[in-house]
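In UniProt numbering, the protein residues as written are 1 to 320.
Remarks on the structure that follows.
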């Protein structure tokens, strides 16, 4: 007698001793009558994955008053070979995922290193520009002192010497009336005075707008440009991706395991008629204990796949 048949016989005898029918038990543990019959007859080929069978047997044991943990251990013994085969497969996929995540980490580290190197390069270049600009400001400051050098006593003496000229201008008016030959000399004197007096005012007064050269110091602007370029580079490197929604609808009892990149591992059980929605960024792998009892909808669109009742299958879903 196989372990599964021995287990089913024990459950059936205890059920009959309690005076319960298969239909009564079906209503209490929410399990199809034919599935209960397969458990009692030990027909493993008609039963779903061992995970579901273990749950069914525990529920059955609780109703008839048997130890659920002890009977669950009997299911593990009955399905020992099947469980060992199922456990060996996910190990490979996890190693593959580790390899992929390792590559991603290397790429991210390289990108960060390039960003840091670019930042220091921009900072050093902006520091050089600011130092160059500082040297440009040094010759600008002495320019206001130029008027001091341009204040020799000679121009002042010339101006003072010329000041009598206006008095001479009044004299010619009287002299012209008295003697006309002298105005030639007098007229030349005012012209020279007129030429000499404006020169200190025009030539020496122009240094007043000397602060204008200081306006050239905004050569520091490249630093601002470098900061803007750096901000644009950081904004371009900032990753941002949409999340995808996967609706899982059960048409029969099914155990499900969901894993993926950037997605925490989830394991749950859906009863007939129940549904569950999962959101993920890129890739998702669904391990279905009863692949024929599940329908999938990705972002509102039905997602087709080949499923068979009672068969385990892994479905790989890509968001793109």
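Glycine residues also receive a C-beta, built at the ideal position from the N, C-alpha and C atoms.
Beta-bridge pairing of residue 302 - partner residues as DSSP gives them: For this step, residue 302 is matched to residue 302 along the chain shown. Answer is 297.
Just to confirm my understanding: we take residue 286, look at its own chain, exclude 5 residues before and 5 after, and list those with CB closer than 6 angstroms. What are they? The residue given as residue 286 occupies position 286 in the chain shown. Counting only Cβ-Cβ distances below 6 angstroms, and skipping sequence neighbours, we find 258 and 315.
Whole-angstrom Cβ separation of residue 248 and residue 294, contact assumed at under 8 angstroms? In the chain shown, the residue the question calls residue 248 occupies position 248. In the chain shown, the residue the question calls residue 294 occupies position 294. The Cβ separation is near 6 angstroms, so the contact holds.
**Q.** Secondary structure of residue 274, DSSP reduced to three states
**A.** As a working note, residue 274 is residue 274 in the chain shown. If DSSP states are grouped into helix, strand and coil, residue 274 belongs with coil.
Inset, instruction - Just list the beta strand (DSSP E) runs in the region 7 to 32, keeping only unbroken ones of 3 residues or longer that don't cross its boundaries, in chain order. - result: none
Straight-line Cα distance separating residue 22 from residue 30: Taking the chain shown and counting its residues from 1, the one referred to as residue 30 is at position 30. Taking the chain shown and counting its residues from 1, the one referred to as residue 22 is at position 22. Their backbone Cα atoms lie some 11 angstroms apart in a straight line.
Identify whether residue 64 lies in helix, strand or coil by the three-state DSSP scheme. As a first step, residue 64 must be located in the chain shown, where it is residue number 64. Looking at residue 64 - three-state DSSP - the assignment turns out to be helix.
### Query
For residue 284, which residues from the same chain have a beta carbon less than 6 angstroms from its beta carbon, with the 5 sequence-adjacent residues on both sides left out?
If you number the chain shown from 1, residue 284 lands on position 284. Around residue 284: 260 and 317.
Quiz item: Out of curiosity, what's the CA-to-CA distance linking residue 32 and residue 26?
Solution: Along the chain shown, read from residue 1 onward, the residue named residue 32 stands at position 32. Along the chain shown, read from residue 1 onward, the residue named residue 26 stands at position 26. Near 6 angstroms, if we compare the C-alpha coordinates of residue 26 and residue 32.
How long is the line joining the alpha carbons of residue 63 and residue 311, rounded to whole angstroms? As a first step, residue 63 is located in the chain shown; it is residue number 63 there, counting from the start. As a first step, residue 311 is located in the chain shown; it is residue number 311 there, counting from the start. In a straight line, the C-alpha of residue 63 is about 28 angstroms away from that of residue 311.
Review point. With respect to the beta strand (DSSP E) encompassing residue 259, which residues constitute its N-terminal and C-terminal limits?
Key: Numbered from 1 along the chain shown, position 259 holds the residue referred to as residue 259. 254 to 260 is the extent of the beta strand (DSSP E) around residue 259.
Discussion item. Restricting to Cα atoms, I'd like to know which of 121, 254 and 16 is closest to residue 307.
Written reply: Against the chain shown, residue 307 aligns to sequence position 307. Of 121, 254 and 16, the residue nearest in Cα terms is 254.
Query raised in the report: Which residues does DSSP pair with residue 263 in a beta bridge?
Result: Against the chain shown, residue 263 aligns to sequence position 263. Answer is 260.
Problem set entry | Spatially closest choice to residue 5 from 57, 275 and 309, by CA coordinates | Within the chain shown, residue 5 is the residue found at index 5, counting from 1. Minimum Cα distance to residue 5 is reached at 57.
| request: Would you verify that the beta carbon of residue 266 is, or is not, closer than 8 angstroms to some beta carbon of chain D? | output: In the structure shown, chain D cannot be found, because there is only a single protein chain.
Q. The beta strand (DSSP E) with residue 245 in it runs from where to where?
A. Numbered from 1 along the chain shown, position 245 holds the residue referred to as residue 245. From DSSP, the beta strand (DSSP E) with residue 245 extends over 244 to 250.
- Pick out whichever of 267, 245, 300 and 18 has its Cα sitting closest to the Cα of residue 279. Here the question's residue 279 lines up with position 279 in the chain shown. Answer by Cα proximity: 245.
Worksheet item: According to DSSP, what are the bridge partners of residue 316?
Response: In the chain shown, the residue the question calls residue 316 occupies position 316. According to DSSP, which records beta bridges pairwise, residue 316 is partnered with 285.
Which one of 37, 10, 105 and 106 has the shortest CA to CA distance from residue 66? Position 66 of the chain shown holds residue 66. Out of 37, 10, 105 and 106, 10 has the C-alpha closest to the C-alpha of residue 66.
Tell me the rounded alpha-carbon separation between residue 102 and residue 53. Start at 1 with the first residue of the chain shown, and residue 102 comes out as number 102. Start at 1 with the first residue of the chain shown, and residue 53 comes out as number 53. So the alpha carbons of these two residues sit roughly 38 angstroms apart.
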